[in-house]
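Please read the structure below before turning to the comments.
Residue numbers (my numbering), protein chains in the order written: chain E, 727 to 976; chain U, 1039 to 1173; chain V, 13 to 644.
Spelled out as structure tokens, the structure:
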């Protein structure tokens, strides 16, 4: 199907979102919660755009481009004054919620609009509730964390804020967090995340910690690869493979 | 009709351990200001140098284990390539490669693997002895 | 007994109607929440004890099997005039008694139940001293026209037999004779619009769901009534549960669904219990389950209990909740009538909407459309609460003006104080002022005025209500009930509360009103779901109709209503004070001094502005004055 984004005619497949089509055509739409591999949640509202049903339509509707499936003949404007203002408001609100998140402050400065300083949160964390960690955890198959509570009290946590068997301590949530909100403590013996301690698995070759025991069990338990795949760290595996190749070749 | 997909061929007997491949890779994967992290490494089991890098396995463990389909085979080069926008940084691929060819860059929270430089592998181009060839 | 054919249902009804006709009288004791709180349960027990003592055989509730009985006692659902309970209605005289105490049971039995007497000195009295001999004369009821509430307060809520005797499931029989297309057409022709507040055409909704290609379809009844001050759906679920099941079954027949869900909020345990019993009774009678009434049509209903989250009244969040997921809305760019519960076409209507359906099918589209306005046919139930003389549950034809509702039915503002505003539509609706009193209640008219029909909460406010405070109340409600998924609603509404709070405290700065209006517009545009989009309505409507009050709070630091404590001190008007001494002990700050029968004085330094003195004063002698905070 055909649609027009910022005056540029674009071709799209049914089921694609405006954001996908825009990015393929190198039209920039800012996002915070969007991730290519994860199901859209439409939480941050930074990616809002104005859409009209067809070229002659007068009434524009503001939609989240990460969720809105394209339609034939759709007219999209990614940077109307209204859209810019809404994005500015979103960033102003997030900046007040997370005064200590430099990523948000930087994005806000880059917008360059008329910023409004809202009352900063006194207990401000760095969490912008983008749900990336929750969705990544779901993708891995653990579902160990979720958004709990409501309204401004909403936060990401394991069930009942307690240790949970579902968590494998893989650290993906922390790695995918755009603001560095999720705390991870690492020692050679253990990794601590979500106030839960995970024993590290030691490499059978060099003895270095290379993943948590629980992660190893999880990966082995997937049944996609043989369990003995997960005994050595990457460096040892490469060293051993080199020795094997040389031996085979001589 | 196109010729069959070329492959990166490692003939370790020709390797002299000069590490030009590592440097070439670091330059190809870096910026003019800063070298990148090389995806190839010279190992010396029994003192014989051997360049080790991704073999682009046909049934790749990394592709199998990735929970979000961020690793896939490039239709033209045949390399197993990472879509960084899809990567969720779970390190499963790092754990899965039986040859240890995927390493983890902590600073950028991304897995590092050879992508055959989009069909122009720098290592092969600069290898002075023909230990690495792309044909 | 399983009813395996339409004929068997007809025979059953005939038997029940004859049995009921044999009874001399029926006494209906309201067992709605307010009346039970006022002692209706004890009253009902007392009536049964007295009847036994006086040798009168009573048939209680659906228990009409006792052929010896001459009088029937029904513990009904809400009869409406909640403020004056426990309510008792005696038929066929249609005598109506308010505030009946258990000790009055003896006289009730001997005079009103043993024979046809109307106990004149118990009857309600008009301000002019006129006694209302029948309920139909009482102004609270005179202007009403019940359709959805027809059975509520009349039938025995737990008796399938009683529902059948009152004509129940006749509409289902009619629907089984009609083609699904005809049912949809009838509902569409009737012009029924969603009573949950959205006002979307129910017939069109059914049509879209029916025409979507899918293997399964669902019918959901939204009983997650969460608006402050609203209890219409609760009353119907508790008082006439079979009607909802019948409405849902007709909907299922129309769209081809086999499974239905009634989503009831956790705070309504009685509604859950009643619906549960009703569902079991219907299954046993062959009115739910496989092969309903022997026709080749299967449909069953399950209850899904909510956890008490306001947001779960939003359709997509509700469906996620039924699926066992966290009750958060999703973007509704795809309508749930096409892809709803479990990704299948789903018709979701509110309790009151389903309660209207049997009447429409039984009596026809033209009959329904004859009531109300052309754009909004039929009637609407409201919960009339707040500072109004007669609070309770009402149902009026669409097009009735707010003035008629508040003054003719509600008896005007409590204690004769001046009317200030009426809030309709709950947290998504808005406040309307004196100038809007002649607006008809009608989906489009209320929306055009900046409020909305909503599910039917109607809160009357007098001159001692501060609109800034009201806006703050609603926004803080929404702040804690926002699901927190999207930024504009989660963070925006919280900032909004903060802005309104600074106005209440006298710390707002010039320009804050414009800032709040911009934020309101941004929240309305950028939020993910309908709740977020409508969250600023209580504020925007209040600013539209009461802008000067907001400006006075910001610029002059005054609250004319005397509600915002930081802006108010109270003083006693020596002209009116009789020295009765009520105010001094009521003051929590010990700020009032005065000898008996002498004019009392409030120490402005000590006064915390709580207004307790004004509340207790019977002589209108306490005045709210500006505290005159220093400019900051």
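Glycine is no exception: its CB is placed at the ideal position from the N, C-alpha and C atoms.
- Message: Determine whether the beta carbon atoms of residue 1087 (chain U) and residue 1138 (chain U) lie at a separation below 8 angstroms.
- Response: no
- Limits of the unbroken beta strand (DSSP E) element including residue 728 (chain E): 728 to 731
- Query: For residue 644 (chain V) and chain E, any beta-carbon pair shorter than 8 angstroms?
  - Reply: In this prediction, residue 644 (chain V) has a pLDDT of 45, which is less than 50 and means its spatial position is unreliable; what the coordinates show is noted afterwards. Not an interface residue.
- Query: Which same chain residues, not among the five before or five after residue 100 (chain V), have their C-beta less than 6 angstroms away from its C-beta?
  - Reply: 41, 109, 112
- Message: Considering only the alpha carbon of each residue, which of U:1091, U:1065, U:1136, U:1079 lies closest to residue 1100 (chain U)?
- Response: U:1136
- Task: Report yes or no: is there a C-beta of chain U within less than 8 angstroms of the C-beta of residue 965 (chain E)?
- Result: yes
- Using a Cβ cut-off of 8 angstroms (strictly closer), state whether residue 842 (chain E) contacts chain V. yes
- Query: Which chain V residues are close to residue 950 (chain E), counting only those with a beta carbon under 7 angstroms from its beta carbon?
  - Reply: Within 7 angstroms Cβ-Cβ: nothing; residue 950 (chain E) doesn't reach chain V, min ~27 angstroms.
- Bridge-paired residues (DSSP) for residue 262 (chain V): According to DSSP, residue 262 (chain V) bridges with nothing at all.
- What residues of chain E sit near residue 1130 (chain U), judged by a beta carbon separation below 7 angstroms? 945
- Message: With a threshold of 8 angstroms on Cβ separation, who are the neighbours of residue 628 (chain V) within its own chain once the five nearest residues in sequence on each side are excluded?
- Response: 594, 595, 598
- Task: Jot down the residue ranges of each uninterrupted alpha helix (DSSP H) in the region 774 to 861 of chain E, minimum 4 residues, whole runs only, in chain order.
- Result: 807 to 823, 828 to 837
- Query: Expressed to the nearest angstrom, what Euclidean distance is found between the alpha-carbon atoms of residue 48 (chain V) and residue 834 (chain E)?
  - Reply: 57 angstroms
- Message: According to DSSP, is residue 212 (chain V) part of a helix, a strand, or is it coil?
- Response: coil
- Task: Classify residue 1047 (chain U) as helix, strand or coil using the three-state DSSP reduction.
- Result: strand
- Could you give the uninterrupted runs of the beta strand (DSSP E) lying entirely in the region 566 to 602 of chain V, keeping only those of 3 residues or more? 580 to 584
- Query: Expressed to the nearest angstrom, what Euclidean distance is found between the alpha-carbon atoms of residue 1040 (chain U) and residue 1112 (chain U)?
  - Reply: Residue confidence for residue 1040 (chain U) is low, a pLDDT of 47 falling below 50, so the modelled location carries little weight; the figure read from the coordinates is stated next. Near 15 angstroms, if we compare the C-alpha coordinates of residue 1112 (chain U) and residue 1040 (chain U).
- Task: Round the Cβ separation of residue 275 (chain V) and residue 330 (chain V) to the nearest angstrom and send it over; I've been treating them as touching at under 8 angstroms.
- Result: 5 angstroms
- Item | From U:1108, U:1059, U:1104, U:1117, residue whose alpha carbon lies closest to that of residue 1044 (chain U) | U:1117
- Query: Does the beta carbon of residue 916 (chain E) sit closer than 8 angstroms to a beta carbon anywhere in chain U?
  - Reply: no
- Task: Report the three-state DSSP secondary structure of residue 435 (chain V) (helix, strand or coil).
- Result: strand
- Pair within 8 angstroms by beta-carbon distance, residue 845 (chain E) and residue 510 (chain V): yes
- Message: Check whether chain V comes within 8 angstroms of residue 764 (chain E), counting only Cβ atoms and requiring the distance to be less than that.
- Response: no
- To which residues of the same chain is residue 586 (chain V) closer than 7 angstroms at the C-beta, ignoring the five residues directly before and after it? 611
- Query: Listing by chain order, which chain E residues have their CB less than 7 angstroms from the CB of residue 494 (chain V)?
  - Reply: 876, 877
- Consult DSSP for residue 226 (chain V) and reduce its assignment to one of helix, strand or coil. coil
- Given residue 1061 (chain U) as reference, the closest of U:1051, U:1076, U:1109, U:1148 once Cα atoms are compared: U:1076
- Residues sharing a beta bridge with residue 1113 (chain U), DSSP: Looking at the DSSP assignment, residue 1113 (chain U) forms no beta bridge with any residue, so it has no partner.
- Message: Using the three-state DSSP reduction, which class does residue 510 (chain V) fall into: helix, strand or coil?
- Response: helix
- residue 380 (chain V) and residue 387 (chain V) closer than 8 angstroms at C-beta: no
- Query: What do you get for residue 866 (chain E), buried or exposed, if any count of 16 or more other CB atoms within 10 angstroms of its CB means buried?
  - Reply: buried
- Query: Residues of chain U with CB under 9 angstroms from residue 962 (chain E), in chain order?
  - Reply: 1138
- Item | Backbone secondary structure at residue 1081 (chain U) - three-state DSSP | strand
- What does residue 896 (chain E) touch in chain C if you count any residue whose Cβ is under 9 angstroms from its own? Annotation note: the requested chain C is absent from the structure, which comprises protein chains E, U and V.
- Message: Run through chain V and tell me which residues come within less than 9 angstroms of residue 981 (chain E), C-beta to C-beta.
- Response: Past the boundaries of the shown model lies residue 981 (chain E); chain E is included only from 727 to 976, so the question cannot be answered.
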